[in-house]
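For reference, the structure discussed in these notes is given below.
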Amino acid sequence: LKCTYHPDVETNLTCSNCGKPICPKDMVYTAVGIKCPQCARPVGRTRARGKPRDHVLALAVGVAGAVAGGLFLGELLRWLSFGSFILTLGYGYLMGEAISRAARRNVGLFYQVVGGLSTLAGLAMTVLVRGGAFSPFFLLAGVFAVAVTAARLRE
Ligand SMILES: [Zn+2]
Ligand SMILES: [Zn+2]
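Here my numbering is used: position 52 in the sequence shown is 172, and no number is missing along the way.
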């Protein structure tokens, strides 16, 4: 197959929507596979979902934030007897912001899932580090924190 946009380039990639042959220079990653630039063009309010680099960076920041942020929050809550609700929410917000920046402000389901799972993993880390019993308020704050992270990355 020859690329539609670059007739001198041999390729075996095709658009998942229209089946047009495309080469790596043209392909656009979407939730439903790779597409040609034409089919991947944003519809309505839909914004770009980013390049593979954005996905990798968002994932890296999510993992780093889960480990480092979770440890930090856990240590903090060990010594603080108050403010766990607002600190947990703040953690969710910061995770969303950090991942959003890493993704160069691209949004979409991929980033929401990465963000939500990272915050969840970070809070699990917090629970492990802090130990002891947790109030229902902390659990509630945890649910809110995951929602806050995901909302920041919503399309
Ligand atoms: Zn297409
Ligand atoms: Zn091409």
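We put the CB at the ideal spot given by N, CA and C, even for glycine.
1) Could you check the C-alpha separation between L259 and L240 for me, to the nearest Å?
2) Assess, as a yes-or-no matter, whether the segment 220 to 232 is touched by the segment 259 to 268 under the definition of 3 or more beta carbon pairs within less than 8 angstroms.
3) Got a sec, what are the start and stop residues for the beta strand (DSSP E) G228 sits in?
4) Once the 5 residues before and after G153 are set aside, which same chain residues still bring their CB inside 7 angstroms of it?
5) Quick check: what's the CA-CA separation for R198 versus G182?
6) Going by beta carbon distance, what residues of the same chain come within less than 8 angstroms of P172, once the five residues before and after it are set aside?
7) Quick one: Cα of S204 to Cα of G252, how far?
8) Should S220 be labelled buried (16 or more other beta-carbon atoms within 10 Å of its own) or exposed?
9) What residues sit near ligand 2, counting only those whose C-beta is closer than 5 angstroms to one of its heavy atoms, in chain order?
10) Thinking C-alpha only, which one of A151, A244, L133, V233 is nearest A178?
With the given structure in hand:
1) Residue mapping note: residue 259 aligns to position 139 of the sequence shown, counting from 1. Residue mapping note: residue 240 aligns to position 120 of the sequence shown, counting from 1. So the two alpha carbons sit approximately 11 angstroms from each other.
2) no
3) Along the sequence shown, one-based indexing puts residue 228 at 108. Run containing G228: none; DSSP gives neither H nor E here.
4) The residue you call residue 153 lines up with position 33 of the sequence shown. These residues qualify, in order along the chain: S136.
5) On the sequence shown, residue 198 is found 78 positions in, with the first residue counted as 1. On the sequence shown, residue 182 is found 62 positions in, with the first residue counted as 1. Between the alpha carbons of R198 and G182 lies a distance of about 23 angstroms.
6) Counting from 1 along the sequence shown, the entry for residue 172 is found at position 52. So the qualifying residues of the chain are Y149.
7) The count along the sequence shown starts at 1 and reaches residue 204 at position 84. The count along the sequence shown starts at 1 and reaches residue 252 at position 132. Taking the straight line from one Cα to the other gives about 14 angstroms.
8) Counted from its first residue, the sequence shown places residue 220 at position 100. By the neighbour-count rule (16 or more Cβ atoms within 10 Å), S220 is buried.
9) C123, Y125, H126, C143, K145, D146
10) As a first step, residue 178 must be located in the sequence shown, where it is residue number 58. Taking only the C-alpha atoms, the option nearest A178 is V233.
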